[in-house]
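Here the structure comes first, spelled out in structure tokens, and everything after it is commentary.
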Amino acid sequence: MKKTIFLINIILLSVIVLTSCSNDIDKSIQGDWISVSASQKEGTTDFLDSFNFVNILEEEMNFRYLSSEQLVDKTKRVLSSSNEKVKYELNENILLINNNQYEFEINNNEMTIKNSDIEVLYIRE
49 MKKTIFLINI ILLSVIVLTS CSNDIDKSIQ GDWISVSASQ KEGTTDFLDS FNFVNILEEE
109 MNFRYLSSEQ LVDKTKRVLS SSNEKVKYEL NENILLINNN QYEFEINNNE MTIKNSDIEV
169 LYIRE
């Protein structure tokens, strides 16, 4: 009886730990991200190369273009009025956007999304 209770506790603890790790990744990707560098294989096109700003929500990504407008005494950042909303799926280090698969890595306030055609480095806004 004690062994069964012990085994059940170990299983429950494992499930909780694994679930919380997945939620941490899901939460860490959410927010506003600005593209700071990108490299792309010559002759290829990719969805990510059209935007330099992304707002990531729980189930969707909103891609936009961010530009700067010079005012008299300061620079103002302007987001384009048009945006591209897409659903995404995150599974460990694989990100699925518009049926395209990307490797995904996040460290502190930097995020890299890449596949064989493109690699984009984002920083958290």
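If you want this note's numbering, it's the 1-based position in the sequence shown plus 48.
Beta carbons are placed, not taken as given, at the ideal position from N, Cα and C, and that holds for glycine.
Predicted model, so just to flag it, every value in this text is computed and none were measured.
Environment of Val102 [buried if 16+ CB atoms lie within 10 Å]: Around the beta carbon of Val102, 16 or more other beta carbons lie within 10 angstroms, which makes this residue buried.
Residues bridged to Thr160 [DSSP beta-bridge criterion]: The partner list for Thr160 (beta bridge, DSSP) reads Glu153, Leu169.
Residues that Ser83 bridges to, as DSSP identifies them: Ser83 is bridged to Tyr170.
Environment of Leu96 [buried if 16+ CB atoms lie within 10 Å]: Flag for Leu96 reads buried.
Where Val168 falls, given that 16 or more other Cβ within 10 Å makes a residue buried: So Val168 counts as buried.
Extent of the continuous beta strand (DSSP E) run through Val102: Looking at the DSSP string, the run of the beta strand (DSSP E) that includes Val102 is 101-104.
Residue range of the beta strand (DSSP E) that includes Val120: First-last for Val120: undefined, no H or E at that position.
Span of the beta strand (DSSP E) around Phe111: Start and end: 108-112.
Simplified DSSP state of Lys124, which is helix, strand or coil: Lys124 sits in a strand when the DSSP states are folded into three classes.
From Asn155, Asp165, Lys124, residue whose alpha carbon lies closest to that of Arg172: Nearest to Arg172 by alpha-carbon distance, out of Asn155, Asp165, Lys124, is Asn155.
N-terminal and C-terminal residue of the beta strand (DSSP E) that Glu132 is part of: From DSSP, the beta strand (DSSP E) with Glu132 extends over 132-139.
Boundaries (first-last residue) of the beta strand (DSSP E) holding Leu144: Run containing Leu144: 142-145, per the beta strand (DSSP E) assignment.
Alpha carbon of Ile81 to alpha carbon of Leu105, nearest angstrom: It is worth fixing the name first, because residue 81 is Trp in this sequence and not Ile. Going from the Cα of Trp81 to the Cα of Leu105 covers about 11 Å.
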